[in-house]
Structure formats: C-alpha cells, structure tokens
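Below is one structure, written out as structure tokens; comments come after it.
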Amino acid sequence: MFKHLAKTYADNNPVMKLGNNCDDHFPNGITNGAYWYDVKGGMQDFNYVYSNCFEVTFELSCCKFPPADQMPKFWKDNKESLLAFIEQSHIGIKGLVTDTNGKPIPGANISVQGISHPIVGTNRGEYWRLLLPGNYRVIVTANGYENAIKDVTVGNETMKPTRVDFQLSPVQTVADYVYTFSS
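If you're matching positions, the sequence shown starts at 1 in the UniProt record's numbering and goes up one per residue.
Okay, here's the thing in structure tokens:
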C-alpha cells in the first residue's frame, strides 16, 4: 500500500517521477525511506502502529529551505500529485461494526487475512481500511462477540470504497443456556 501511495504521488509530479532531481537516483521517483535514511521512533511508524494512519513523506526539493520565489513552481509541480494522493483515501473498504440490535461496537479489530497489521474501529463502530483492488478475507473481532468473517472484492472504482458492514452476535454464555432451559 505504501508503494502504491508513493507511486501515485510521484507519477503525477513531472519532476519527481523522473527520480533524478537530486544526487540520489530513485527509480520511478520513490524509495523506502528506511533505505535512504533511518529514523528510529519516527511519527510515521508510531502513527501506523497506534492510530491506523498510513503516512508517506514527500521530499519535494534537494534544498531543505528553498527560496520563497520557487514556491509557485513547487505548487505547479505538486498540485496534481496532492489531489491524486488525497483521492487514495477512498480506496479499499469502509463500514460499520454493530451488534444484532444495530448498536455500534466501539474498538472492534478489523483484520485482513495476509496483512499483519489490523486496524481498530472508532467508538461509533466506523472503520476504514486502505486496500488495493483485489479479493480479501476480512475478519472482525470484539470482546464479548462472536467473530465475523466476510470475503470481499475491492473494485477499481476511484473515489468509491467498497462498503462492508459487520453485525456481530453476542457470545453465548452458560448462563444464557441455563436461563433458556429453565424458562
């Protein structure tokens, strides 16, 4: 996903996509930041692990502090890249996790088989998961509820995530069965 996001930005930038703007060469205008320079404990890693946030750094200049008169050119080179990057927030899946009464389940874990990093739903039961087009098995878990699994196909439509809602059933306890048999 990170390569896709970076490539989307670079492909829409006439200078960046060449990959030759600075002394370093970056094929297709992108690199894995950790291969270029290592930052231990950076915000990108923290945000990915703890807040469901996919962050990408865009190095726009070889000069850390370019002159102000270059800003119009930076805007011209990056406007389409920024718009295309923002559009990527709509790829993948989104939905609600609720109980059988339609009440949101806060903090549900949403996992995609084959991807080691689950995301966590909001306190309103909402979730968003960036995914490239393809077929996925999505597993939702929450304390006190049975797991739910759905096979999902994410299409190629731009600006339209695939809506996948989950309704979880409460875990049946021994007390539930005792009450059922005694009534």
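Note that CB positions come from ideal geometry on N, CA and C, so glycine has one too. Predicted, not measured: the structure shown is a model, and the values here were computed from it.
Counting only runs of 3 or more residues that sit fully inside the stretch 111–137, the beta strand (DSSP E) segments are 126–129, in chain order. A Cβ-Cβ separation of about 6 Å places Asn-13 in contact with Asp-77 under the 8 Å criterion. Spanning the alpha carbons of Glu-157 and Ile-93 requires a straight line of approximately 12 Å. CA-CA distance, Asp-11 to Ile-86, rounds to 14 Å. Gln-167 and Ile-149 have their C-alpha atoms roughly 10 Å apart.
In the assembly as shown, Arg-163 is an exposed residue. Its beta-carbon has fewer than 16 other beta-carbons within 10 Å. With respect to the C-alpha of Ser-61, the residue from Val-171, Val-140, Asn-20, Met-159 having the closest C-alpha is Asn-20. In the DSSP assignment, Gln-167 falls within the unbroken beta strand (DSSP E) covering 166–168.
Segment contact: the stretch 102–114 against the stretch 66–77, fewer than three CB-CB distances shorter than 8 Å; contact not assigned.
Listed in chain order, the alpha helix (DSSP H) elements of length 4 or more contained wholly in the stretch 34–89 are 43–51, 71–87. At a Cβ-Cβ threshold of 8 Å, Ala-108 and Gly-121 count as neighbours.
In the structure shown, the three-state DSSP call for Pro-14 is coil. Counting the other Cβ atoms within 10 Å of the Cβ of Ser-51 gives fewer than 16, which makes it exposed.
Secondary structure note for Val-171: it is in no beta strand (DSSP E), with a DSSP letter that is neither H nor E. In the displayed model, Lys-150 falls within a strand according to three-state DSSP. Excluding the 5 residues flanking it on each side, Val-140 has same chain C-beta neighbours closer than 6 Å at Val-97, Ala-108, Ile-110, Ala-148, Phe-166, in chain order.
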